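Presented below is the structure to which this report refers.
Numbering (UniProt numbering), first residue to last: 1 to 522.
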């Protein structure tokens, strides 16, 4: 029997709600307003397709497992996370950069075209996996194309004769070159390219900057429409936007819209782009990503649904040429209160794919996390949804092995983190930057305790404070040279910050956690 769980008081008055990945069901007027945040948190390059009466969505996972979430919905607004394409480990051929999944469904089989970096040669490739059902399990078929500059953002599209083509971007911006969009026919098994590649268009307009990418195609009233993104996708200085081109035939010639970009930033959302088109009840939508201006890179690129219409010239138009989704009014619905019930971690938990999936066990309302000796140690993490929040956990401190540390951390990646760690009778703040670890502060506990609660607070994604408690109510801040620590270095160029539970120590040692609590605040 484990020690009694300590009730953690985090002082926020908003009630805890069940864990939610998408927005909670809402009541709408007669004509539903569909412009909403539907995948809050770090879900870049979202894709959507309709299979039967169900919509399916996925998104980039980059360097986090499990790889490529699988969401389903019947109304485009409320999404349920039901699994992952690669739930336990990456395909044998691939090492990293799991980007831009795109569905294609045909003859009762679901294909997922995606980007990843090859272990052999290190180039970015477009690959494919397939399944008998959209929820999986998926079988990987490996790379289809990997050019010297890199090949990314694959999208499968039938031409005017019904022949299926793969459309993709040559990643020329990685070597200061143009970024052609190519198309090449797929074989009957949809797992290899045949014939010759044809260039559709490249980045030749000023607003597109160094690249065009993120192809998503749809056919409407005899035209092929090619939605694409241009310019810089990510980070504080991003200037991404969405354009469209059209053609009577898949292989062109393509005409870019004179009003591009058709979807650009506003005061609320920055850098909208890389989306997929879908239709419901005669209405048209783009599921795409954008940064919320208030939280930007600290939360990451969130999944938005934006409705568009067709004008008299048969070009797509968005209201005010920008996302109309309002920020989530009640962020408490995305609070986390995980008491580790059941027999395995929920699907929302992640881990870095730079190391094998950490060994975890849920037993009697506790998470047992195997320790790791490298860098920060082993960790399991949750996406953040806002840039201001409090997070806490309670450790089974008495059971922690000697020379093993466990705690809670704000993690950009395993090389960049701020962590509050406990072990060997003390509590420490660890600063990890570019892989270099430094202890910024430490206190020794006056008396032994069975459980120990650890808390981090963050304001605006930038300022961090840490505290500990032996009773879950009275908190002792760890002294630092200033009121708060600077965490602006945490987010990688393409990802938001996660809250993680961490165990560092010798192989075979285990840290035991009683809960994870996250309370969000606007």
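By construction, the Cβ of each residue, glycine as well, lies at the ideal position given by its N, Cα and C atoms.
Just so we're clear, the structure is a prediction, and the values are computed from it rather than from any experiment.
Contact annotation: residue 249 and residue 135 have beta-carbon atoms that are not nearer than 7 Å. Distances from the alpha-carbon of residue 500 to those of 92, 456, 488, 381 put 381 closest. For residue 152, the enclosing beta strand (DSSP E) has its first and last residue at 151 to 158. Here residue 144 carries a strand assignment [DSSP, helix/strand/coil]. By alpha-carbon distance to residue 98, the top candidate from 127, 483, 521 is 127.
Residue 399 carries a helical assignment under DSSP once its states are collapsed to helix, strand and coil.
Assigned with DSSP and collapsed to three states, residue 332 falls in helix. Looking only at 59, 506, 261, the smallest Cα-Cα distance to residue 378 is reached by 506. For residue 66, the number of other beta carbons within 10 angstroms of its own is at least 16, and it is reported as buried. Secondary structure note for residue 413: its beta strand (DSSP E) is the uninterrupted segment 405 to 413.
A contact is defined here as three or more CB-CB pairs under 8 Å, and the stretch 386 to 401 meets this definition with respect to the stretch 442 to 461.
Short of 6 Å from the beta carbon of residue 72, and not among the five residues preceding or following it, lie these beta carbons of its own chain, in chain order: 54, 56, 80, 82. Inclusion of residue 328 and residue 34 in the CB contact set at 7 Å is not warranted, their separation being larger than that value.
A contact between stretches requires three or more CB pairs, one per stretch, nearer than 8 Å, and the stretch 276 to 285 meets this requirement with the stretch 209 to 229.
Between residue 227 and residue 212 a beta carbon distance of about 11 Å is seen, past the 8 Å cut, so the two are scored as non-contacting. Taking the CA atoms as reference points, residue 466 sits about 8 Å from residue 429. Residue 493 is a Cβ neighbour of residue 235, given a cutoff of 7 Å. Taking residue 238 as the centre and dropping the five residues before and after it, the same chain places the C-beta of 232, 271 closer than 6 Å to its C-beta, in chain order.
Note that the C-beta distance between residue 150 and residue 124 is below 7 Å.
Runs of the beta strand (DSSP E) lying entirely within the stretch 255 to 279 and spanning at least 3 residues: none are present. The residues 234, 235, 236, 291, 461, 491, 496, in chain order, have a CB closer than 8 Å to that of residue 297 in the same chain once the five nearest residues on each side in sequence are set aside. Inclusion of residue 308 and residue 254 in the CB contact set at 7 Å is not warranted, their separation being larger than that value.
Exclusion of the five residues before and after residue 510 leaves 368, 370 as the residues of its chain whose Cβ lies within less than 6 Å of its Cβ. Just so you know, the alpha carbons of residue 114 and residue 130 end up roughly 11 Å apart. Under a 10 Å Cβ-count criterion, residue 295 is classified as buried, with 16 or more other Cβ atoms of the shown protein chains found around its own Cβ.
In this structure, the alpha-carbon of residue 137 lies about 15 Å from that of residue 104. The stretch 347 to 364 makes no contact with the stretch 396 to 404, as fewer than three CB pairs between them are under 8 Å.
Where residue 67 is concerned, the enclosing beta strand (DSSP E) starts and stops at 67 to 73.
Apart from the 5 residues on each side of it in sequence, residue 283 sits with its Cβ closer than 8 Å to the Cβ of 34, 307 in its chain, given in chain order. Burial is judged here by how many other beta carbons sit within 10 angstroms of a residue's own beta carbon; residue 333 has at least 16 and is buried. With fewer than 16 other Cβ atoms inside 10 Å of its own Cβ, residue 119 counts as exposed.
Our two residues, residue 316 and residue 310, have alpha carbons roughly 5 Å apart in a direct line. In the DSSP assignment, residue 426 falls within the unbroken beta strand (DSSP E) covering 426 to 433. DSSP assignment within the stretch 190 to 242 yields no whole alpha helix (DSSP H) run of 4 residues or more. Within the stretch 332 to 383, the runs of beta strand (DSSP E) that reach at least 3 residues and sit entirely inside it are, in chain order, 336 to 338, 360 to 363, 366 to 370, 378 to 383. Contact between residue 241 and residue 264 holds, with the beta-carbon distance rounding to 4 Å and staying under 8 Å.
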